[in-house]
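2 protein chains.
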Amino acid sequence: MSNRQSIELTDDQIDFGMREALAQARIAGSVGEVPIGAVVMHEGQIVGRGYNLREHAQDATLHAEIMAISEANHTLKTWRLSDCQLFVTIEPCPMCSGAIINARVGAVYFGARDPKAGTVRSLYQLLEDGRFNHQVEVHEGIMAEAASGLMQTFFKAIRLGRGKPKPRQH
Amino acid sequence: MSNRQSIELTDDQIDFGMREALAQARIAGSVGEVPIGAVVMHEGQIVGRGYNLREHAQDATLHAEIMAISEANHTLKTWRLSDCQLFVTIEPCPMCSGAIINARVGAVYFGARDPKAGTVRSLYQLLEDGRFNHQVEVHEGIMAEAASGLMQTFFKAIRLGRGKPKPRQH
Chain A
1 MSNRQSIELT DDQIDFGMRE ALAQARIAGS VGEVPIGAVV MHEGQIVGRG YNLREHAQDA
61 TLHAEIMAIS EANHTLKTWR LSDCQLFVTI EPCPMCSGAI INARVGAVYF GARDPKAGTV
121 RSLYQLLEDG RFNHQVEVHE GIMAEAASGL MQTFFKAIRL GRGKPKPRQH
Chain B
1 MSNRQSIELT DDQIDFGMRE ALAQARIAGS VGEVPIGAVV MHEGQIVGRG YNLREHAQDA
61 TLHAEIMAIS EANHTLKTWR LSDCQLFVTI EPCPMCSGAI INARVGAVYF GARDPKAGTV
121 RSLYQLLEDG RFNHQVEVHE GIMAEAASGL MQTFFKAIRL GRGKPKPRQH
């Protein structure tokens, strides 16, 4: 069962989506969390936002994508997001890749790869595995330098002792 | 980095954990949700419970394991569950496998395999992949007949038109 969607976003919509995800990532960074952000777009509008809040909430499930998907589900009053696009600054981990599949998200746009825990392109290609009951259109490298720049600045600050030493999100 | 824990549970503790997970699954089934349940155990006590609530909440992230892990995080006031065991009636999907890794759960005990979406043994072996920063001890087949029996009864009722036709959880 392939549910690949074919909603074509304009370049402006893609720019808008990733800028909004980067804004979420900056909120995470500003409160000392690993700076990863995500948004869900529906018909050009943002219907869900999220940023990594693991440390503040002491909740391992509170990654940016989970928050954004859950908020989009509540906004649209449905768990099915097949006509939605998810934008996230860093390649999703297994938990978030799975949430994207479970929510039947139509397309994912991500910034930089995560070679240690990314399961969209790096370690696995979960979103495109035809054995699951949903496959997701994948676009990578969207504003990747801005996304990885936020991460590098954050971890450099930790190494220099100017931030709280927090373990990696993934 | 291997974080395999070696806390040995007694047979009575394993029985207790899975009976509690099955009780959660029955709650899901009683409200028309796919009957899957999970609990998190810490030092022999249940510190998190969850059951599949996707349809009622219209939230794709509300699988049993996510609820149980999040509740355990809140109960223990930490996202790290390395000295905990998670019991779940059916083999976890990618989202829940990822949440188990992210929460550094020490061990997982599950009932029946899910050949369509299970990523602990069936389609992938995510919990034992040495490339992630945490590996999880896996025990399968715990009260598997009871777990799969609940699922079979649920789907048979749907086929007979005595339940609301809901798509599969995974």
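Quick mapping for you: the protein sequence lines, in order, are chains A and B. Residue numbers are given in UniProt numbering: position 163 of the first sequence equals residue 163, and the series is strictly consecutive. Residue numbers are given in UniProt numbering: position 30 of the second sequence equals residue 30, and the series is strictly consecutive. We treat Cβ as the ideally placed atom computed from N, Cα and C, and that holds for glycine.
Boundaries around A:I46 are those of the beta strand (DSSP E), Q45 to Y51, since no alpha helix (DSSP H) includes it. Distance from the Cα of A:A23 is smallest, within the candidate group A:F87, A:A117 and A:G106, for A:F87. In this structure A:A64 is in contact with A:I36, their Cβ atoms being roughly 5 Å apart against a cut-off of 8 Å.
In the structure shown, the three-state DSSP call for A:L86 is strand. Our two residues, A:S148 and A:I158, have alpha carbons roughly 15 Å apart in a direct line. Pairing B:E8 with B:I46 gives a Cβ-Cβ distance that is not under 7 Å. The three-state secondary structure of A:M18, taken from DSSP, is helix.
Counting along the chain, A:E71 sits inside the alpha helix (DSSP H) bounded by residues A64 to L76. Taking a beta-carbon distance threshold of 7 Å, B:R121 does not count as an interface residue toward chain A. Bounds of the alpha helix (DSSP H) holding B:A57 are R54 to A57. Close to chain A, meaning a Cβ-Cβ distance shorter than 7 Å, are the following residues of the region 39-66 of chain B: R54, Q58, D59, A60, T61 and I66.
The Cβ of A:L126 sits closer than 7 Å to at least one Cβ of chain B. From the beta-carbon of A:P94, the residues of chain B found nearer than 7 Å are P94, S97, G98, I101 and L126. Around the CB of B:Q152, fewer than 16 other CB atoms lie within 10 Å, so the residue is classed as exposed.
In its chain, beyond the 5 residues on either side, M18 and G111 have a beta carbon closer than 6 Å to the beta carbon of A:M143. For B:T75, the closest Cβ of chain A is not nearer than 7 Å.
With a threshold of 7 Å between beta carbons, A:S70 makes contact with chain B. Proximity to A:E43 across A:R104, A:S82, A:R26 and A:G32 peaks at A:S82, based on C-alpha coordinates. With respect to chain B, the C-beta atom of A:R113 has no partner C-beta closer than 7 Å.
Residue A:G29 holds the alpha-carbon nearest to the alpha-carbon of A:R54 among A:G29, A:T75 and A:K77. B:D114 is positioned such that its CB atom lies closer than 7 Å to that of B:E91. A straight-line Cα-Cα distance of about 5 Å links A:A117 and A:C93. Under the criterion of beta carbons closer than 8 Å, A:V31 and A:I69 do not qualify as touching, at roughly 21 Å. A distance below 7 Å separates the beta carbons of B:M95 and A:G98.
Against chain B, the beta carbon of A:F132 has neighbours under 7 Å at A117, listed in chain order. With a 10 Å radius around the Cβ and a threshold of 16 neighbouring Cβ atoms, A:T61 comes out buried. In the three-state reduction of the DSSP assignment, B:E137 falls in the strand class. Just so you know, the alpha carbons of B:F16 and B:H74 end up roughly 22 Å apart.
Among the bridge pairs identified by DSSP, A:A112 is matched with A:I90. Taking 8 Å as the upper bound for CB-CB distance, A:R104 and A:R80 are in contact here, some 5 Å apart. Straight-line measurement puts the Cα of B:L150 at about 19 Å from the Cα of B:I14.
Nearest to B:L123 by C-alpha distance, out of A:S122, A:R121 and A:L126, is A:L126. Comparing alpha carbon positions, the residue from B:I100, B:T10, B:D11 and B:V34 closest to B:K156 is B:V34.
Residue pairing from DSSP places A:A38 in a beta bridge opposite A:G50 and A:V88. Measuring C-alpha to C-alpha distances from A:I101 to each of A:Y51, A:V120, A:C84 and A:H134 identifies A:H134 as the nearest.
By the criterion of a C-beta distance shorter than 6 Å, B:I27 is surrounded in its chain by Y51, once the five residues flanking it on both sides are discounted.
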